[in-house]
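**Q** Numbering (the numbering used here), first residue to last: 3 to 405. Even for Gly, the Cβ is constructed at its ideal location relative to N, Cα and C. One structure, pasted below without further comment.
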């Protein structure tokens, strides 16, 4: 089968490898913005019409999103060529967080209230009881531009810094979202769908720190997936409602929610794989599969995939994906202390470590600037001890960094 993967950035490379394991022929289509940073692509496009024509000429049977950057493009192609994809009537809700949250609320699903502003002067009158609030771009990713604001001064400052600035996805923030701050434990929920049948591959508990108002992912850890009881039951019921409301029929979705005293509330749904990495060997060892391999299974082994629908899955072992942090921004000059981390008893693997000379500007982003560490162990005590020792090493400085 010949499959087009559009803009396979971030964890898109993991999707390509999972598809190739089944013998798929991959046709890579890249937005012209990314051609200088990607090797061995088959098509460069600047408009959806060019992409549609290229995919049609290529003879591809499927078109898949390789990253956040591809979602609107893939929706356009599947609709134009009548290919398997998501509901075309709700495409705008998958391309814009405002329309997404509006639809969720219109259908009676609980989510955070929000306001859109183009300037500080458009901010509503907030009293002290309105805080904290959360500020973020309408269209970005990786915690870019996301801030918790505890008073009106910090809110005004953050809005002023974001409006008309370019965000991580290359979009100009013509508007900024000021959102109700949701108190509660955060989870990321990774699903794959086939003909509106949703399989829950991961429900991952997020250890989130807030540094200067910015949410910083420290690690995400596997939890039991139980369709019949506990918090996972509530999450599954809620997220399934969101996926159906937003027209998700086929492919991957990455949903962020918080569990509050009153129930599950949506942060956002992303219509692509979780990023920045889905190392299949680590996820297979710790979970049994990766979201990318599960997506490939839905394409090439649909009966096996559908047999997973509604089936509870206790976690295989204690497993976490750790977003490594540098102690400061600057130029990476050495990585010698990574060897200490590799000797920890629950260490499994390390991915996306920065090359020497790499210049990082924002060590707080959840884009894996300083690498991803996977840890896994049958023993909870060994697992937790490894995680604690890893963070001590991280605090002391895993990398040599020059200002």
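For residue 406, name the three-state secondary structure that DSSP assigns.
**A** Within the shown structure, residues of the chain are numbered from 3 to 405, placing residue 406 beyond reach of any answer.
**Q** State the Cα-Cα distance for the pair residue 194 and residue 201, rounded to the nearest angstrom.
**A** For the purposes of this step, residue 194 is taken as the residue at position 192 of the chain shown. For the purposes of this step, residue 201 is taken as the residue at position 199 of the chain shown. The straight-line gap from Cα to Cα measures roughly 5 Å.
**Q** Nearest-angstrom Cα distance between residue 22 and residue 292?
**A** Locating residue 22 in the chain shown gives position 20, counting from the first residue. Locating residue 292 in the chain shown gives position 290, counting from the first residue. Between residue 22 and residue 292, the C-alpha separation is close to 14 Å.
**Q** Since residue 12 contacts residue 253 with CB under 8 Å, what's their CB separation in whole angstroms?
**A** Residue numbering aside, residue 12 sits at position 10 when the chain shown is read from its first letter. Residue numbering aside, residue 253 sits at position 251 when the chain shown is read from its first letter. Actually they do not touch by this definition, with Cβ atoms about 15 Å apart.
**Q** Sorted by chain position, which residues of the same chain lie with C-beta nearer than 7 Å to residue 323's C-beta, five sequence neighbours on each side aside?
**A** Position 321 of the chain shown, counted from the start, is the residue given in the question as residue 323. Here the set comprises 221, 222, 374, 376.
**Q** Out of 118, 117, 237, 247, point me to the one whose CA is closest to residue 108's CA.
**A** On the chain shown, position 106 is the one that residue 108 refers to. Closest by alpha carbon: 247.
**Q** Classify residue 231: buried if its beta carbon has 16 or more other beta carbons within 10 angstroms, exposed otherwise.
**A** Taking the first residue of the chain shown as position 1, residue 231 is located at position 229. So residue 231 ends up on the exposed side.
**Q** Considering just the uninterrupted stretch of the alpha helix (DSSP H) at residue 16, what are its terminal residues?
**A** Here residue 16 refers to the residue found at position 14 of the chain shown. Its alpha helix (DSSP H) spans residues 14-23.
**Q** Measure from the alpha carbon of residue 259 to the alpha carbon of each residue in 265, 269, 250, then state which is nearest.
**A** The sequence position of residue 259 within the chain shown is 257, counting from 1. When each option's Cα is compared against that of residue 259, the closest is 269.
**Q** For residue 167, is the classification buried or exposed, using 16 other Cβ atoms within 10 angstroms of its Cβ as the cut-off for buried?
**A** Position 165 of the chain shown, counted from the first residue, corresponds to residue 167. Result: exposed.
**Q** Quick check on residue 158: does DSSP put it in helix, strand or coil?
**A** Translated into the one-based positions of the chain shown, residue 158 becomes position 156. Of the three classes helix, strand and coil, the one that applies to residue 158 here is helix, per DSSP.
**Q** What distance in whole Å lies between the Cβ atoms of residue 178 and residue 135, which are believed to be in contact at a cut-off of 8 Å?
**A** Here residue 135 refers to the residue found at position 133 when the chain shown is read from its first residue. Here residue 178 refers to the residue found at position 176 when the chain shown is read from its first residue. No, residue 135 and residue 178 are not in contact; Cβ-Cβ is about 11 Å, not under 8 Å.
**Q** Between which two residues does the alpha helix (DSSP H) harbouring residue 342 extend?
**A** Position 340 of the chain shown, counted from the start, is the residue given in the question as residue 342. Residue 342 -> alpha helix (DSSP H) spans 340-344.
**Q** Along the chain, where does the alpha helix (DSSP H) containing residue 244 start, and where does it finish?
**A** On the chain shown, position 242 is the one that residue 244 refers to. Element bounds for residue 244: 232-247.
**Q** In the structure shown, what three-state DSSP assignment does residue 117 receive?
**A** Taking the first residue of the chain shown as 1, we reach residue 117 at position 115. Strand, per DSSP.
**Q** Name the DSSP bridge partner or partners of residue 33?
**A** Translated into positions along the chain shown, residue 33 becomes position 31. DSSP, once it has assigned bridges, lists 47 as partnering residue 33.
**Q** What residue range does the beta strand (DSSP E) around residue 320 cover?
**A** Taking the chain shown and counting its residues from 1, the one referred to as residue 320 is at position 318. Unbroken beta strand (DSSP E) run through residue 320: 320-325.
**Q** Which whole-angstrom value describes the C-beta separation of residue 24 and residue 307, a residue pair presumed to lie in contact below a C-beta threshold of 8 Å?
**A** On the chain shown, position 22 is the one that residue 24 refers to. On the chain shown, position 305 is the one that residue 307 refers to. Not quite, the Cβ-Cβ distance comes to about 12 Å (not below 8 Å), so this is no contact.
**Q** Cα-Cα, which of 69, 153, 224, 398 is closest to residue 129?
**A** The residue labelled residue 129 in the question sits at position 127 within the chain shown. The option with the nearest alpha carbon to residue 129 is 153.
**Q** Which full runs of the alpha helix (DSSP H) of 4+ residues lie inside the region 261-319, going along the chain?
**A** With a minimum length of 4 residues, the continuous alpha helix (DSSP H) runs that stay inside the region 261-319 are 282-288, 293-302, 304-308.
**Q** Could you check how far apart the C-beta atoms of residue 406 and residue 184 are, in whole angstroms? I think they sit under 8 Å.
**A** This structure cannot speak to residue 406, because the chain is shown only from 3 to 405.
**Q** What residue from 116, 73, 106, 121 has the CA that sits closest to residue 255's CA?
**A** Along the chain shown, read from residue 1 onward, the residue named residue 255 stands at position 253. Of the listed residues, the one whose Cα sits closest to residue 255 is 73.
**Q** Using a Cβ-Cβ cutoff of less than 7 Å, which residues in the same chain neighbour residue 395 once the five nearest sequence positions on both sides are dropped?
**A** Stepping through the chain shown from its first residue, residue 395 is reached at position 393. The residues are 339, 342, 343.
**Q** Which term fits residue 41, buried or exposed, when burial requires 16 or more other beta carbons within 10 angstroms of its beta carbon?
**A** Locating residue 41 in the chain shown gives position 39, where the first residue counts as 1. Residue 41 comes out exposed.
**Q** Taking its Cβ as the centre, do 16 or more other Cβ atoms sit within 10 Å of residue 315, making it buried, or is it exposed?
**A** Position 313 of the chain shown holds residue 315. By the neighbour-count rule (16 or more Cβ atoms within 10 Å), residue 315 is buried.
**Q** Could you spell out the range, first to last residue, of the beta strand (DSSP E) harbouring residue 227?
**A** Position 225 of the chain shown holds residue 227. Looking at the DSSP string, residue 227 is not in any beta strand (DSSP E), and its letter there is neither H nor E.
**Q** If I follow the unbroken beta strand (DSSP E) through residue 210, where does it start and stop?
**A** Counting from 1 along the chain shown, the entry for residue 210 is found at position 208. Note, residue 210: beta strand (DSSP E), 199-213.
**Q** Hey, does residue 313 have any beta-carbon neighbour from chain B nearer than 8 Å?
**A** No chain B appears in the structure shown, which is made up of a single protein chain.
**Q** When you compare the CB positions of residue 8 and residue 75, do they come within less than 8 Å of one another, or not?
**A** Taking the chain shown and counting its residues from 1, one reaches residue 8 at position 6. Taking the chain shown and counting its residues from 1, one reaches residue 75 at position 73. Their beta carbons are under 8 Å apart, which means residue 8 touches residue 75 by this criterion.
**Q** Less than 8 Å between the beta carbons of residue 388 and residue 358, yes or no?
**A** Residue mapping note: residue 388 aligns to position 386 of the chain shown, counting from 1. Residue mapping note: residue 358 aligns to position 356 of the chain shown, counting from 1. No; because the gap between Cβ atoms is not below 8 Å, this pair is not in contact.
**Q** Out of 311, 79, 3, which has the shortest C-alpha to C-alpha gap to residue 196?
**A** Start at 1 with the first residue of the chain shown, and residue 196 comes out as number 194. Considering only alpha carbons, the answer is 311.
**Q** Rank 403, 156, 381, 378 by C-alpha distance to the C-alpha of residue 372 and give the top, closest one.
**A** Taking the first residue of the chain shown as position 1, residue 372 is located at position 370. Closest option to residue 372, Cα to Cα, is 403.
**Q** Return the CA-CA distance between residue 214 and residue 149, expressed in angstroms with no decimal places.
**A** Translated into positions along the chain shown, residue 214 becomes position 212. Translated into positions along the chain shown, residue 149 becomes position 147. Spanning the two alpha carbons is a distance of roughly 8 Å.
**Q** DSSP three-state label for residue 4, please.
**A** The sequence position of residue 4 within the chain shown is 2, counting from 1. Correct three-state label for residue 4: strand.
**Q** Can you tell me the Cβ-Cβ gap for residue 146 and residue 169, rounded? I've got them flagged as a contact below 8 Å.
**A** Taking the first residue of the chain shown as 1, we reach residue 146 at position 144. Taking the first residue of the chain shown as 1, we reach residue 169 at position 167. With a Cβ gap of about 5 Å, residue 146 and residue 169 count as contacting.
**Q** If I follow the unbroken beta strand (DSSP E) through residue 333, where does it start and stop?
**A** Within the chain shown, the letter at position 331 stands for residue 333. Looking at the DSSP string, the run of the beta strand (DSSP E) that includes residue 333 is 332-336.
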